Amino acid sequence: MTLTLLHAPKSRSQSFIWLLEEIGQPYEIKQVDIRRGDGSGKLDPTNPHPHGKVPVIIHDDTVVHEQTAIMLYLTDAFPQAKLGPQVGDKLRGNYLSWLSYYSGVVEPAFLCAFMKYDVPRGTAGWVAVPEVMQHINKTLETNEYILGNEFTAVDILYGGTFGFFGDSGLFEKTDALNAYVKRCMSRPALQRAGQKDA
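The UniProt record's numbering numbers the first residue of the sequence shown as 1 and each following residue consecutively.
Take a look at the structure:
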């Protein structure tokens, strides 16, 4: 069985090195080129992603791309890591909801704010960062992690995002959020992943 992560340094795929370190199974990193926001880089013909993006995983003959799809695939493929509630677990629906909320609501809100793109109030499907953070902060007032008091793959997405954007001024940093980010950033698997993000 082979597990390969297609990775570009200093990109969103670095979170998936973290995930793979948390899972604890052997894996390989294949570095690929991507187009960057500053105009550098190019499409890599060896990358099976339809738009040349990362992350992509190849597990034997199965190719999976898009962040939340990869999270779900890997946590289902390696249940022994206990990083995602499995089918039948009472937290499964909540897990799927938070994964989808990240890609469908959180990431668009943060990218619009970061790019200083003003989304008109009431535009269908769009929520602003303050509303997103209100929901997340309310969750973290009673939970150590997004799904409760146990770390899951969801926390790699959320903890990583808040760690990355922490000094951006895009959101208010509450005590609960600061404590959450500190817990996520202190994970040994993240420290190991940082050494591999070459």
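Cβ coordinates follow ideal geometry from the N, Cα and C atoms, glycine included.
Note that the structure is predicted; figures quoted are calculated from it, not measured.
Cα-Cα separation, residue i to residue j
| i | j | result |
| --- | --- | --- |
| GLY194 | GLY160 | 12 Å |
| ASN22 | THR75 | A small correction: the amino acid at residue 22 is Glu; Asn does not occupy that position in the sequence shown. If I take the Cα positions, the gap works out to 10 Å. |
| VAL119 | LEU170 | 15 Å |
| THR152 | GLN86 | 12 Å |
| ARG192 | ASP155 | 17 Å |
| ASP61 | THR46 | 15 Å |
| LYS182 | ASP167 | 14 Å |
| GLN134 | LEU111 | 17 Å |
| VAL132 | TYR73 | 25 Å |
| VAL127 | PHE114 | 14 Å |
| PHE164 | SER11 | 11 Å |
| ALA69 | TYR117 | 27 Å |
| TYR95 | LEU140 | 15 Å |
| ILE57 | LEU5 | 5 Å |
| PRO55 | GLU144 | 27 Å |
| PRO108 | LYS138 | 20 Å |
| HIS7 | MET71 | 15 Å |
| VAL64 | VAL106 | 21 Å |
| ILE29 | SER40 | 21 Å |
| VAL129 | LEU177 | 14 Å |
| THR2 | GLU66 | 19 Å |
Per DSSP, the bridge partner or partners of residue i
| i | result |
| --- | --- |
| GLN31 | HIS7 |
| HIS51 | For HIS51, which the question treats as bridged, DSSP gives no partner whatsoever. |
| VAL56 | LEU6, HIS65 |
| TYR145 | GLY148 |
N-terminal and C-terminal residue of the alpha helix (DSSP H) that residue i is part of
| i | result |
| --- | --- |
| VAL129 | 129-142 |
| THR62 | Here THR62 belongs to no alpha helix (DSSP H); instead the beta strand (DSSP E) covers 62-65. |
| ARG183 | 175-185 |
| LEU111 | 107-114 |
| THR161 | 153-164 |
| PHE171 | Premise fails: PHE171 is in no alpha helix (DSSP H) and is neither H nor E. |
| GLY194 | 188-196 |
| SER15 | 14-23 |
Simplified DSSP state of residue i, which is helix, strand or coil
| i | result |
| --- | --- |
| TRP98 | helix |
| TRP126 | coil |
| PRO45 | coil |
| TYR73 | helix |
| PRO85 | coil |
| PRO26 | coil |
| SER40 | coil |
CB contact check: residue i to chain D, cutoff 8 Å
| i | result |
| --- | --- |
| LYS196 | The structure shown has no chain D; it contains just one protein chain. |
Self-check item: Validate contact between the segment 44-55 and the segment 99-117 using beta carbons, cut 8 Å, 3 pairs
Solution: no
Practice problem: Decide yes or no for the touch test of the segment 28-42 against the segment 78-96: beta carbon pairs closer than 8 Å, at least 3 of them. | Solution: no
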